[in-house]
Amino acid sequence: MDSLAVVLLAVFSAGYLVLAGADVGVGMLLPWLGRDQRERRLVIASFAPFFLGNEVWLVAAAGLVAGAFPGLEHGLVEELYPLFAVLLFGWVVRDMGLWLRGRVDAAAWRGVWDAAIVAGSWALALAWGSVLGSVLAGGGLGVGSVAGLPLAALFAWHGAGFARWRLPAGLAERAGRVPARYGLSALVMAGAPVVAGVQVEWSRVVAEGAGLTMTAVVTVVVLPLLLASQALVWWTFRGRVESPSYL
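Residue numbering for the sequence shown follows our numbering, beginning at 339 and increasing consecutively.
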């Protein structure tokens with residue numbers, strides 16, 4: 339059962355980084371991809387239908403860690419608390435920017451929240467990069483922070499590949515100046531948590547008894563539903579963006 343839980347955690351972690359990593363990367367590149375308000379509305383529309391569903395993968399992964407690997411949860415939070423604080427702050431600021439930018443029809447208002455989207459996206463990328471760097475290097479906060487910047491660049495690279503696929507022709511050409519392919523960057527993003535997981539001594543952090551079994555069983559039930567809902571959303575919005583979204 340513990341092996342099943344490890345595999346499930348790898349699936350949910352990879353799913354989050356592949357899916358949400360794309361909208362985080364696009365948010366990082368927003369000032370470059372969108373030079374004016376009209377272009378920025380299109381850039382945000384490229385990932386608007388996906389970002390809430392993408393975040394469900396993180397919620398599911400966090401629940402799996404709490405239920406099946408309490409030792410890992412305790413170790414990460416205790417050693418990397420500042421990084422998780424930055425991560426949470428960036429998440430809230432980025433999502434606030436996405437929800438609030440279109441609520442007032444004023445350039446200054448949109449400018450403030452566009453800045454929040456960019457800052458929150460960079461905070462998310464740097465925090466996740468530092469967390470992955472800490473696990474990969476087997477070190478603490480200092481080691482992870484050094485590794486955070488190059489790993490954060492993966493998010494921007496991944497976002498450029500996504501933007502090249504989703505944006506209209508003119509903006510897609512701008513994104514195409516970055517040598518990125520969404521399929522390739524998705525494989526790299528998916529591989530990052532798997533490689534990091536090799537460094538973890540799972541036998542020392544796994545739960546015992548009914549808690550592990552219940553968490554694994556519930557996760558197995560939830561996974562097909564999540565995959566089906568994601569597939570439906572991606573099929574519905576599979577084309578290039580042609581107009582601004584509700585955001």
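Ideal Cβ placement from N, Cα and C applies to all residues, glycine included.
Minimum C-alpha distance to residue i - residue among the options
{"i": "P369", "options": "Q568, W395, T557, G449", "result": "G449"}
{"i": "L561", "options": "R378, L402, L436", "result": "L402"}
{"i": "E417", "options": "S468, L390, R439, A360", "result": "S468"}
{"i": "L367", "options": "E539, A548, G458, A528", "result": "G458"}
{"i": "A363", "options": "L570, E511, M527, G549", "result": "The displayed chain sequence assigns Gly, not Ala, to residue 363. Ranking the options by Cα distance to G363, first place goes to M527."}
{"i": "A491", "options": "A510, A463, G508", "result": "A463"}
{"i": "L522", "options": "F493, G508, A404", "result": "F493"}
{"i": "G405", "options": "A343, V538, S567", "result": "A343"}
{"i": "A513", "options": "L347, G391, V345, G365", "result": "G365"}
{"i": "A545", "options": "G435, H412, W572", "result": "H412"}
{"i": "L396", "options": "T557, A444, A548", "result": "T557"}
{"i": "S583", "options": "Q568, V555, E377, R373", "result": "E377"}
{"i": "D443", "options": "I455, V430, V456, Q375", "result": "Q375"}
Contacting residues, own chain, Cβ-Cβ under 8 angstroms from residue i (five flanking each side not counted)
{"i": "A534", "result": "L470, V473, L474"}
{"i": "Y520", "result": "A360, H496, G499, F500, R502, W503"}
{"i": "F575", "result": "P387, F388"}
{"i": "L487", "result": "L464, G467"}
{"i": "W572", "result": "F388"}
Chain-order list of residues whose beta-carbon lies under 6 angstroms from that of residue i (same chain, five-residue window excluded)
{"i": "A518", "result": "W495, A498, G499"}
{"i": "V351", "result": "Residue identity differs from the one stated: residue 351 is Ser in this sequence, not Val. Excluding residues within five positions, the ones whose Cβ falls inside 6 angstroms are A399, P531."}
{"i": "V543", "result": "F407, G409, L410"}
{"i": "V356", "result": "A524, M527, A528"}
{"i": "V424", "result": "A461, A465"}
Residues of its chain near residue i, where Cβ-Cβ distance is below 7 angstroms and the 5 sequence neighbours each way are ignored
{"i": "E393", "result": "A358"}
{"i": "V516", "result": "W495, A498"}
Residue environment, residue i, which counts as buried when at least 16 other CB atoms sit within 10 Å
{"i": "A461", "result": "buried"}
{"i": "L421", "result": "buried"}
{"i": "W451", "result": "buried"}
{"i": "V579", "result": "buried"}
{"i": "M552", "result": "exposed"}
{"i": "A437", "result": "It is Trp, not Ala, that sits at residue 437 in the sequence shown. W437 is exposed by the Cβ-count criterion."}
{"i": "G428", "result": "buried"}
{"i": "Y419", "result": "exposed"}
{"i": "A554", "result": "buried"}
Is the stretch 542-562 touching the stretch 377-385 in the sense that three or more CB pairs, one from each, lie closer than 8 angstroms?
no
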